[in-house]
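Okay, so here's the structure we're looking at.
Numbering (the numbering used here), first residue to last: 24 to 157.
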């Protein structure tokens, strides 16, 4: 799923993010977005609400990115957890992103395993080298 790319596009190239200041870390905004996404994964109507919320002042403009991140991750996890409900979840990501996905999956009662993105890449390259060498 291209959640990170969608986040970037919405913040940089859409009305959702038009005219926003530099974004700041805001765990409360992320958590609020995460809760919305988990409970209402149909995000299209919610994107207008994100825009309206910061235009009307109910969502601080510097925290839109965090709220949007939570909303998108929550919607992704809610949707995919139905499709893959009986499968083990392994998160391959950097520490910050892995923590966000762990938080989302934990909120719906899913256990996870985390693998560093760098470690997964290096292990994969070693496997390819070994396969080619033999």
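We put the beta carbon where it would ideally sit given N, CA and C, even for glycine. None of these values were measured; they are calculated from a predicted model.
- For residue 74 and residue 38, the gap between their C-alpha atoms comes out near 7 Å.
- As summarised for the segment 54 to 91, the continuous alpha helix (DSSP H) elements at least 4 residues long and confined to that stretch are 67 to 79, given in chain order.
- As a beta-bridge residue in DSSP terms, residue 114 pairs with 137.
- With respect to residue 115, residue 143 sits close: the two C-beta atoms are nearer than 7 Å.
- Sequence-distant partners of residue 76 (beyond 5 residues in either direction) whose C-beta falls short of 7 Å from its own C-beta, in its chain, are 82.
- Straight-line measurement puts the Cα of residue 141 at about 15 Å from the Cα of residue 151.
- Proximity to residue 30 across 94, 49, 135 peaks at 94, based on C-alpha coordinates.
- Taking C-beta atoms as the reference points, residue 128 and residue 135 count as a pair closer than 7 Å.
- Ranking 148, 155, 35, 147 by CA distance to the CA of residue 88 puts 35 first.
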